[in-house]
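Participant: I have a structure here, written as structure tokens, and I will follow up with some questions on it.
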Amino acid sequence: MKVGLFVPCYIDAFYPRVGIATLELLERLGQQVDYPLEQTCCGQPMANSGCNSDAAAAEALFVRNFERFDAIVMPSGSCAHHVRDHFDAIPQTDAVRHVRAHTYELVEFLHDVLQVRAFPWAEFPHTVGLHNSCGTLRALRTASMSELGEPPFSKPMDLLSGVRGIRFATPARPDECCGFGGTFSVAEEAVSARMGLDKVRDHHNAGADYIVSADSSCIMHQQGCAERAGIPLRFIHIAEILNGARE
Amino acid sequence: MKDKRIDHAGAAAAFIADAPHLAFHDERLWDMRQKRDAQMHLLPEWQELRTLASQIKEHTLANLPDYLEQFERNATRNGIHVHWARDGAEHNRIVAEILQARGATTLIKSKSMVTEECDMRPYLAARGITVTETDLGERIQQLDDQLPSHIVVPAVHKLTGDVARVFATHYGTDPNADDPRQLAEAQRQAARPVILHADAGMTGANFAVAETGTFVVCTNEGNADLSATVPGVHIATLGIERLVPRMSDLGVFVRMLSRSALGSPITQYTTHFRGPQDGGEMHVILVDNGRSARLGMADFWTSLKCIRCGACMNTCPVYRRSGGLSYGAVYSGPIGAIIDPTFNERKYSTLPFASTLNGSCTNVCPVRIDIHDQLYKWRRVLVDHHQMPFVKREIMHMAGKLMGQPRLYRAAIAGAETALGTLPRFALYSWLNPWGKQRELPHPVEETFHAWYRRTRSGNGTADTGR
Ligand code: SF4
Numbered sequence: 002m003k004v005g006l007f008v009p010c011y012i013d014a015f016y017p018r019v020g021i022a023t024l025e026l027l028e029r030l031g032q033q034v035d036y037p038l039e040q041t042c043c044g045q046p047m048a049n050s051g052c053n054s055d056a057a058a059a060e061a062l063f064v065r066n067f068e069r070f071d072a073i074v075m076p077s078g079s080c081a082h083h084v085r086d087h088f089d090a091i092p093q094t095d096a097v098r099h100v101r102a103h104t105y106e107l108v109e110f111l112h113d114v115l116q117v118r119a120f121p122w123a124e125f126p127h128t129v130g131l132h133n134s135c136g137t138l139r140a141l142r143t144a145s146m147s148e149l150g151e152p153p154f155s156k157p158m159d160l161l162s163g164v165r166g167i168r169f170a171t172p173a174r175p176d177e178c179c180g181f182g183g184t185f186s187v188a189e190e191a192v193s194a195r196m197g198l199d200k201v202r203d204h205h206n207a208g209a210d211y212i213v214s215a216d217s218s219c220i221m222h223q224q225g226c227a228e229r230a231g232i233p234l235r236f237i238h239i240a241e242i243l244n245g246a247r248e
Numbered sequence: 173m174k175d176k177r178i179d180h181a182g183a184a185a186a187f188i189a190d191a192p193h194l195a196f197h198d199e200r201l202w203d204m205r206q207k208r209d210a211q212m213h214l215l216p217e218w219q220e221l222r223t224l225a226s227q228i229k230e231h232t233l234a235n236l237p238d239y240l241e242q243f244e245r246n247a248t249r250n251g252i253h254v255h256w257a258r259d260g261a262e263h264n265r266i267v268a269e270i271l272q273a274r275g276a277t278t279l280i281k282s283k284s285m286v287t288e289e290c291d292m293r294p295y296l297a298a299r300g301i302t303v304t305e306t307d308l309g310e311r312i313q314q315l316d317d318q319l320p321s322h323i324v325v326p327a328v329h330k331l332t333g334d335v336a337r338v339f340a341t342h343y344g345t346d347p348n349a350d351d352p353r354q355l356a357e358a359q360r361q362a363a364r365p366v367i368l369h370a371d372a373g374m375t376g377a378n379f380a381v382a383e384t385g386t387f388v389v390c391t392n393e394g395n396a397d398l399s400a401t402v403p404g405v406h407i408a409t410l411g412i413e414r415l416v417p418r419m420s421d422l423g424v425f426v427r428m429l430s431r432s433a434l435g436s437p438i439t440q441y442t443t444h445f446r447g448p449q450d451g452g453e454m455h456v457i458l459v460d461n462g463r464s465a466r467l468g469m470a471d472f473w474t475s476l477k478c479i480r481c482g483a484c485m486n487t488c489p490v491y492r493r494s495g496g497l498s499y500g501a502v503y504s505g506p507i508g509a510i511i512d513p514t515f516n517e518r519k520y521s522t523l524p525f526a527s528t529l530n531g532s533c534t535n536v537c538p539v540r541i542d543i544h545d546q547l548y549k550w551r552r553v554l555v556d557h558h559q560m561p562f563v564k565r566e567i568m569h570m571a572g573k574l575m576g577q578p579r580l581y582r583a584a585i586a587g588a589e590t591a592l593g594t595l596p597r598f599a600l601y602s603w604l605n606p607w608g609k610q611r612e613l614p615h616p617v618e619e620t621f622h623a624w625y626r627r628t629r630s631g632n633g634t635a636d637t638g639r
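Chains A and B, in that order, give the protein sequences. Read in order, the letters of the first sequence are residues 2 to 248 in our numbering. Read in order, the letters of the second sequence are residues 173 to 639 in our numbering.
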């Protein structure tokens, strides 16, 4: 299987170690991974703002970069959600349909496609609170949703359970959105920051040392809120833990 | 003159600045959401009920003219006068005519969002008719001259101290006596004589049944029953989407309404109105007020399935932290954000953006309205209709261009003075500035992933660009 790695713009610029961990992890698991150097963005920021026609150039470029792969993997739930469910600013050619149908968020790819459960190289002797982004939770459905009362399941939890020494803290409102929301974070600054503060407090009160998530955008926002409020929490992407990061 | 856009963000910021109100509001509504969850867990068929409810509503809406006429025929046979109102103005005129023909000058009413839509109270007041709300929360909001902030609990944004101050001003009670029981008693004392001597009564309706020509009103305070029966003249006003075809459909909705709304198995009162009482009269006003037009909107017609339970508001993390009044509309929260723009696109153009698109609303909706997908679609419509403020529109336009050109993009994130083009930089920065008000910026890094990859994996990878 030829795997194409997409590293979203904010991970590229602010969290390169998440991209590195994703690449190394996929390689450890025997995947042949290529990172097309011409990549930029999946088009989500424009499309989510209603400016769909402005997403066309990014979407077209994305398809040019990734149409030759069997699987396109990205450490970002919201980008995977955009490509799979909303990617319609450009004509739906066979190439576009192929890309949309073969795009995976990292956790889904590990859990459903590669079906890995054991990460013998990974050890994380800390208490973590898992933040399921709304993109992974309610759009990609990588975990059960509290509103539906469905039988509990969690793909990220299944993976993290394969890490030695890890302990979990359960916040009081595990499914509540953290308030990032893309341009919402600046357009609705007050609500966004308040939601972020409530989220990090909830995890802190539950005893978490770290918040772990499959979405770096939520982490960027929550980390910003926690640091400003002086809440001693640390933040880490799930790819880093699964790749063997110790702290 | 163009209507001003609602400044949801500004109003929300003011709401959040008031810590005690914010904490109470968020906790109270979250508690309602949790009680709803508990009720859902007691009914293993919950998801099936949601599907059924959605199907019944979609079927009804697809055949609405037939069911409305069937309702009219059967209601008329039951001795009910049926009126049709195209819009708010027509609705208000019909109400005034009914009252004036009977020389009525006092009207008691229970909660009805349709009358809020029609802005009925000022219209009647100007014609010498005094309207008194009998629902406690709605009465508080009436006295305080505010819109309801929530469709089920209209004064949920107020603390008991706020209510005490409102009552002190209007009822002359002690402004410091904020015991809820005492406050309820004050309202009872003030309302009772008004109810007993009113000339006419008005209610809304939760459901109207086409096959029987009857309608159902659900309340917890019993005030609708008093409003409907004490004066002898009963006017019920309802949106045309309240219809269900058969009596047997009601069970699906009644089982879910209060469970979704307050997390109680059923409302205290579920009253079926079948016709006028002996010697009395009963009127039903079927109100369109934009509903037919909404029914014709391919992406948004299913918003008419709404049974006004408020569950989407209770679960909404944005609504809980911004308060209903910040939406500046009769309908607030997620359901408000998808129907308000149909009333006034420019004025309410900000509301579909007052969301993170997290999707919790869609999951709790008992009639399976795809609320967050409609929010997403509204954004497109509003941008296409030029309702996005200029600076943001330009930023998106430039970002879109940049993201299509890898070389420029690489140069831009390397910090070079590039491609930002026509828009002055200060506009971009001032638009992004709010990030730092209550949040730290991400930490700077030595090199981007892209640069790391090129440094460590050279020879690997495709088509080299830029840095
Ligand atoms: S949209 Fe759904 S959840 Fe919201 S008030 Fe209407 S029926 Fe209830």
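Cβ coordinates follow ideal geometry from the N, Cα and C atoms, glycine included. Quick caveat: nothing in here was measured; it's all calculated off a predicted structure.
1. Once DSSP output is grouped into helix, strand and coil, what is the label at A623(B)?
2. Since F562(B) is in the alpha helix (DSSP H), which residue starts that stretch and which ends it?
3. V4(A) touches chain B at which residues, Cβ-Cβ below 8 Å?
4. Going by DSSP in three states, C390(B) sits in which element: helix, strand or coil?
5. Interface residues of chain B around I12(A) at Cβ under 8 Å?
6. To which residues of the same chain is L26(A) closer than 7 Å at the C-beta, ignoring the five residues directly before and after it?
7. Of the choices S432(B), P437(B) and G451(B), whose alpha-carbon is the least far from that of T534(B)?
8. Using a Cβ cut-off of 8 Å, pull out every chain A residue sitting near W218(B), in sequence order please.
9. Thinking V539(B) and K229(B) are a contact (beta carbons under 8 Å), I'd like their distance in whole angstroms, please.
10. Name the two residues that bound the continuous beta strand (DSSP E) containing E241(B).
11. Taking a contact to mean a Cβ-Cβ separation below 8 Å, would you say H222(A) touches C178(A) in this structure?
12. Is the stretch 112 to 129 of chain A touching the stretch 184 to 192 of chain A in the sense that three or more CB pairs, one from each, lie closer than 8 Å?
13. If the cut is a Cβ gap below 9 Å, which residues of chain A does I188(B) touch?
14. Buried or exposed, going by whether 16 or more other CB atoms sit within 10 Å of the CB of P153(A)?
15. Can you tell me the Cα-Cα spacing of Y11(A) and S218(A), whole angstroms?
16. Use the C-beta contact count for P233(A): other C-beta atoms within 10 angstroms, 16 or more gives buried, fewer gives exposed.
17. Candidates K176(B), D542(B) and P578(B): which alpha carbon is nearest D471(B)'s?
18. Determine the burial state of E109(A): buried for a count of at least 16 other Cβ atoms within 10 Å of its Cβ, exposed for fewer.
19. Kindly give me the distance between the Cβ atoms of K3(A) and F70(A), rounded to whole angstroms, as I take these residues to be in contact under 8 Å.
20. For A377(B), is the beta carbon positioned less than 7 Å from some heavy atom of the ligand NAP?
21. Can you tell me which of the three DSSP states R235(A) falls into?
22. Count Cβ pairs between the stretch 402 to 409 of chain B and the stretch 340 to 356 of chain B that sit closer than 8 Å; are there 3 or more?
23. Excluding sequence positions up to five away, which residues of its chain have a Cβ less than 6 Å from the Cβ of F120(A)?
24. Judging by CA-CA distance, which residue of Q313(B), T386(B) and A370(B) is the nearest neighbour of G376(B)?
25. Determine the extent of the alpha helix (DSSP H) in which S494(B) is found, giving its start and end residues.
26. Taking 6 Å as the limit between beta carbons, can you name the residues of its chain near N53(A), skipping five residues before and five after?
27. Which residue marks the beginning of the beta strand (DSSP E) containing A195(B), and which one marks its end?
28. Among the residues of its own chain, which have a CB less than 6 Å from the CB of Q242(B), if the five just before and after it don't count?
29. On the premise that G197(A) lies in contact with A170(A), defined as a C-beta separation below 8 Å, what is that separation, rounded to the nearest angstrom?
Facilitator: Taking the geometry as given:
1. helix
2. F562 to M575
3. Result: empty, since nearest Cβ-Cβ is about 13 Å, beyond 8 Å.
4. strand
5. F621
6. A240, L243 and N244
7. S432(B)
8. G150
9. 5 Å
10. Looking at the DSSP string, E241(B) is not in any beta strand (DSSP E); the run it does join, the alpha helix (DSSP H), is L236 to R249.
11. no
12. no
13. A191, V192, A194 and R195
14. exposed
15. 7 Å
16. exposed
17. D542(B)
18. buried
19. 5 Å
20. No copy of the ligand NAP occurs in the structure displayed; its ligands are the ligand SF4 alone.
21. strand
22. no
23. G163, V164 and L243
24. T386(B)
25. P489 to S494
26. A90
27. Taken as a continuous stretch (DSSP letters only), A195(B) belongs to no beta strand (DSSP E), being part of the alpha helix (DSSP H) at A191 to L214.
28. A382
29. A170(A) to G197(A), Cβ: 18 Å. No contact.
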